[in-house]
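Data block below; observations after.
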Amino acid sequence: MHRVAVLLLPPVVGFDAAIAPLMFGEAADGQGRPLYEVTVCGLDADPVTSTGGFGIVPTAGAEALATADTVVVPGTHFESARRDGILTPAARAAFDSIRPGTRMVSICTGAFVLAAAGLLDGRRATTHWKFAGDLRRLHPRVVVDENVLFVDDGDVLTSAGLAAGIDLCLHVIRSDHGVQIANAVARHCVVPPWREGGQAQFIDRHLPVQDDASTAATRAWAAAHLHEDLTVERLARHAHTSLRTFNRRFREETGQAPGTWIRQRRVDLARELLESGDLSVDEVARRAGLGTGGNLRHQLRQGLGVSPSGYRKVFQGT
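Right, dumping it as structure tokens:
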């Protein structure tokens, strides 16, 4: 079983601390068997103070890091990392015990800890937009991008603040075990199953959009009709609004153009169909609204670097 160690450094952000144990702990296969063994640890086994005014009692000390396959560092106000850009001797020893090749993940200001450990040098990374300038100042070798929800740089992944940690954990689960399992976790947690990592951390709105003017109903309808011809004009008609108004509202609510959003939903559906059945590539493409098998191959190679048959082998073992 894949072992996940969640390292709490005081004072930890209470919200962030709960994300990884919940998301990875909920991931299970079709028989209900857990897919991750999650351990919440500290530098020692003492309670860890949180920004929420409560203490969290870890189930292990730093020794849990030495056997982890993935280490998650939630947001923290850990002073040496946040103020000085360095680790305390105890924290440095803890990171030195982590095996080479272990996947490293940070949520929010946990990126300051990874940077202080030297794990982000020369890499693209993100953190909460409010503190991106501090991260850039303390670690000029890190390529800080505060305009995205999360960054997947292979064996090191970083997320923006707070709820973006949910998006990153779902992305990891999706990468490890496929769309169906990630979607099941999202349903349990009552959160959107997919927000692209490149989506903006926040969207400025000069005027609030009223509920009856939202594009949410049209988005839900489109997600159920991905096999059909979904032009922006058709979406605007469904929303009973002008094309210009629809485009503006759609971008305000999702941070994306309608065409980009539709394409991502179609690829998501195609992945699910490849994972769960033995339909031909052409039939998967048709049902997902991608037209031809050639287009599906192009989309998967561009987005994931793998062919449909290769993707199916990964998740079906065939």
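Be aware that the sequence shown starts at 734, since it is given in the working numbering, and climbs by one per residue. Glycine residues also receive a C-beta, built at the ideal position from the N, C-alpha and C atoms. Because the structure is a prediction, the values reported are computed rather than measured.
Contacts around residue i, its chain only, beta-carbon distance under 6 Å, and the 5 residues preceding and following it disregarded
{"i": "Thr951", "result": "Leu968, His971 and Ala972"}
{"i": "Leu940", "result": "Its pLDDT being 40, under 50, Leu940 is placed unreliably by the model, and the measurement read from it follows with that caveat. None."}
{"i": "Thr1052", "result": "Residue 1052 cannot be examined here, being either before or after the span of the chain that is shown, 734 to 1051."}
{"i": "Arg938", "result": "Low local confidence applies: a pLDDT of 42 at Arg938 is under 50, so the model's placement there is unreliable, and no value is given."}
{"i": "Ala738", "result": "Thr772, Cys774, Ala797, Leu798, Ala801 and Val804"}
{"i": "Arg1045", "result": "Leu1007"}
{"i": "Thr987", "result": "Trp994"}
{"i": "Glu759", "result": "Val918 and His921"}
{"i": "Arg1004", "result": "Val912"}
{"i": "Arg869", "result": "Val877"}
{"i": "Met734", "result": "Glu770"}
{"i": "Trp862", "result": "Glu879 and Gln934"}
{"i": "Leu963", "result": "Ala955 and Ile995"}
Residue i - DSSP class collapsed to helix/strand/coil
{"i": "Phe811", "result": "coil"}
{"i": "Ile831", "result": "coil"}
{"i": "Cys922", "result": "helix"}
{"i": "Val965", "result": "helix"}
{"i": "Pro822", "result": "helix"}
{"i": "Ile789", "result": "strand"}
{"i": "Leu798", "result": "helix"}
{"i": "Ser783", "result": "strand"}
{"i": "Ala761", "result": "strand"}
{"i": "Met734", "result": "coil"}
{"i": "Leu677", "result": "Residue 677 lies beyond the residue range present for the chain, which begins at 734 and ends at 1051; the question has no answer from this structure."}
{"i": "Ser1042", "result": "helix"}
{"i": "Val1047", "result": "helix"}
{"i": "Arg938", "result": "A caution first: Arg938 carries a pLDDT of 42, below 50, which makes its placement in the model unreliable, though a value can still be read off. Looking at Arg938 - three-state DSSP - the assignment turns out to be coil, as it is neither helix nor strand."}
Beta-carbon contacts of residue i that lie in its chain and below 7 Å, excluding the five residues immediately before and after
{"i": "Ile819", "result": "Ser813 and Ala849"}
{"i": "Val1047", "result": "none"}
{"i": "Arg856", "result": "Val875, Val876, Asp886 and Val889"}
{"i": "Gln1032", "result": "Val1000 and Leu1023"}
{"i": "Trp954", "result": "His971"}
{"i": "Leu852", "result": "Met837 and Val889"}
Extent of the continuous alpha helix (DSSP H) to which residue i belongs
{"i": "Thr993", "result": "Pro991 to Ser1009"}
{"i": "Val1017", "result": "Val1014 to Ala1021"}
{"i": "Ala955", "result": "Ala949 to Ala956"}
{"i": "His1031", "result": "Gly1026 to Leu1037"}
{"i": "Arg766", "result": "First-last for Arg766: undefined, no H or E at that position."}
{"i": "Leu742", "result": "No alpha helix (DSSP H) holds Leu742; DSSP gives it neither H nor E."}
{"i": "Leu976", "result": "Leu976 to Thr987"}
Contact under 9 Å by Cβ, residue i with residue j
{"i": "Val1053", "j": "Ala824", "result": "Given that the chain is displayed from residue 734 to residue 1051, the structure contains no residue 1053 and the question cannot be resolved."}
{"i": "Gly747", "j": "Thr784", "result": "yes"}
{"i": "Ala865", "j": "Leu882", "result": "no"}
{"i": "Val1017", "j": "Gly1027", "result": "no"}
{"i": "Thr807", "j": "Ala753", "result": "What sits at residue 807 in the sequence shown is Pro, not Thr. Yes. Within cutoff."}
{"i": "Val1014", "j": "Leu1029", "result": "yes"}
{"i": "Ala750", "j": "Val790", "result": "no"}
{"i": "Ile906", "j": "Leu768", "result": "yes"}
{"i": "Ala915", "j": "Pro925", "result": "no"}
{"i": "Ala827", "j": "Ala778", "result": "no"}
{"i": "Leu959", "j": "Ala893", "result": "no"}
{"i": "Leu742", "j": "Thr809", "result": "yes"}
{"i": "Arg982", "j": "Ala946", "result": "yes"}
{"i": "Leu976", "j": "Glu966", "result": "yes"}
{"i": "Asp867", "j": "Arg815", "result": "yes"}
{"i": "Leu871", "j": "Asp817", "result": "yes"}
Minimum Cβ-Cβ distance from residue i to chain B less than 9 Å
{"i": "Ala917", "result": "No chain B is present in this structure, which holds just one protein chain."}
Cβ-based neighbour list, residue i, same chain, cut-off 8 Å, excluding 5 preceding and 5 following
{"i": "Ser1009", "result": "Gln913"}
{"i": "Gly1069", "result": "Nothing can be reported for residue 1069, as the shown portion of the chain is limited to 734 through 1051."}
{"i": "Met756", "result": "Ile899, Cys902, Leu903, Ile906, Val918 and Cys922"}
{"i": "Val1039", "result": "Leu1033 and Val1047"}
{"i": "Ala949", "result": "Glu986"}
{"i": "Leu1080", "result": "What is shown of the chain runs 734 to 1051, which leaves residue 1080 out entirely."}
Extent of the continuous beta strand (DSSP E) to which residue i belongs
{"i": "Arg816", "result": "From DSSP, Arg816 is part of no beta strand (DSSP E); its letter is neither H nor E."}
{"i": "Thr842", "result": "Element bounds for Thr842: n/a, residue is neither H nor E."}
{"i": "Thr803", "result": "Thr803 to Val806"}
Unbroken beta strand (DSSP E) runs of length 3 or more, entirely within the region 845–918: which are they?
-> 883–885 and 889–892
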